[in-house]
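Residue numbers (the working numbering): 2 to 276.
First comes the structure, then the notes that go with it.
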C-alpha cells in the first residue's frame, strides 16, 4: 500500500522545509541556467512555492511551472509578484501534461518524480514535451547522512515502516534515471554540485520540525501515527545525544543530474492518479 501524500495541507510549511539561503538559491538558479543557456523555455514539474523556479527565472530562463496543488500555486504566484518576476503557472497533473510534443528546451524536477504514483507514465510525459536534444534535470537537496538531520530522518522512516508495515512511500526512487534512459533520455556526465552550505541545527529542532510536518516523511501520516512516531524518534534520540538542544553543524548540498533527450518522443500515455 503506497502512502498518499496531499500537498495542499502542507503548502504553508513547504518553504520552511525546503528553504535555501538567498545566496544558495541564486547559485542553484545560475547553475541550472548554465546547463541550458539564457532565454531557454523550461518547464518545472511540481513547481510548489517557486523556490527553484524563481532563481532559475532570475538567472535568465523562461519558466513555466505546473503543480497539482492550488495552495502551492497561490504561494508561488504571491512570491513571484513580490519578487517582480514572471512565472507562467498552471494547475496540472505531471502524469498528463497539457502541452504539445517537443514544447520545452528543458524540464526540471526537484523532489517530485519519486512521488508520482504512475511514475513511468509521468516520465513518458516529461520526455514527450521535451525537445529532441533537450535536457531533463533532476535536482535534489543532499544532507549529510551522518548528521543529526540525516540520522533522525532515517530513523523516522524506519519507525513509520514499523508502525505501518504494509505501507511504502509512493513512486520509484532510484529507478527514475534507469527508466528515463529506457525512454531515450540517458544521464550525461556526473552529478553536478550546484551549491554547498552549512546550517546549524539541534536534534530537538529537527524533531520539532518533524512534529510540525515540515519533513516530507510526515505528510501522509495521521495525527495519531505521527504522534507515536515522534515519541519513538525522540526516545531514540535521547539515547544517541545526551543534550538534544546542543546545536550541530549540518552540511547541505544541492545536486543536479542531467539527462539528454534523444530523437524518439513517446506518444501520450493515458494515466490516472495524482502527483
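The beta-carbon is built from N, C-alpha and C at its ideal position, and this holds for glycine as well.
CA nearest to the CA of residue i, picked from the options
i	options	result
residue 85	91, 55 and 114	55
residue 160	226, 180, 78 and 190	226
residue 50	61, 70 and 60	70
residue 134	229, 116, 82 and 187	187
residue 177	82, 260 and 44	260
residue 38	215, 98, 61 and 22	61
residue 23	46, 143, 59 and 44	59
residue 162	229, 136, 79 and 124	229
residue 216	183, 80, 142 and 79	142
residue 179	65, 125, 44 and 255	125
Cutoff 6 Å; reference residue i; Cβ partners in own chain excluding five residues on either side
i	result
residue 63	42
residue 32	195
residue 274	Low confidence applies to residue 274: its pLDDT is 42, below 50, so where it sits in the model is not reliable, and the reading given next is rough at best. Cβ within range, chain order: 118 and 119.
residue 283	Outside the shown range of the chain (2 to 276) lies residue 283, about which nothing can therefore be said.
residue 204	149, 238, 242 and 245
residue 140	111 and 257
residue 46	95, 110 and 113
residue 240	none
residue 44	65, 105 and 108
For residue i, three-class secondary structure by DSSP
i	result
residue 131	strand
residue 117	coil
residue 110	strand
residue 274	Note that residue 274 has pLDDT 42, beneath the 50 cutoff, so the model's placement of it is unreliable and the number below is only indicative. Three-state DSSP puts residue 274 in coil, outside helix and strand.
residue 21	coil
residue 195	strand
residue 66	strand
residue 140	strand
residue 262	coil
residue 189	coil
residue 55	helix
residue 249	strand
residue 2	Bear in mind that a pLDDT of 44 at residue 2, under 50, signals an unreliable position, so the model cannot answer this.
residue 96	coil
residue 256	strand
residue 157	helix
residue 201	strand
residue 90	strand
residue 124	helix
residue 37	helix
residue 48	coil
residue 42	strand
CB contact flag (residue i, residue j, <8 Å)
i	j	result
residue 40	residue 57	no
residue 127	residue 91	no
residue 36	residue 138	yes
residue 165	residue 218	no
residue 1	residue 181	No answer is possible for residue 1: the residues shown for the chain start at 2 and end at 276.
residue 77	residue 48	yes
residue 253	residue 144	yes
Cβ shell of residue i (< 8 Å), same chain only, five flanking positions each side left out
i	result
residue 132	103, 104, 105, 106 and 262
residue 155	146
residue 189	259, 260 and 261
residue 93	67, 68, 69 and 99
residue 27	56, 59 and 60
residue 200	250, 251 and 253
residue 136	36, 37, 106, 107, 108, 259, 260, 261 and 262
7 Å Cβ shell around residue i - same chain, five flanking residues per side excluded
i	result
residue 207	149, 150 and 153
residue 231	208, 211 and 212
residue 247	203
CB contact check: residue i to chain E, cutoff 8 Å
i	result
residue 63	As a matter of chain content, chain E is missing from the structure shown, which is built from one protein chain.
So, do the stretch 69–89 and the stretch 109–127 have three or more beta carbon pairs nearer to each other than 8 Å? no
Taking three-plus beta-carbon pairs below 8 Å as touching, is the stretch 230–243 in contact with the stretch 183–202? no
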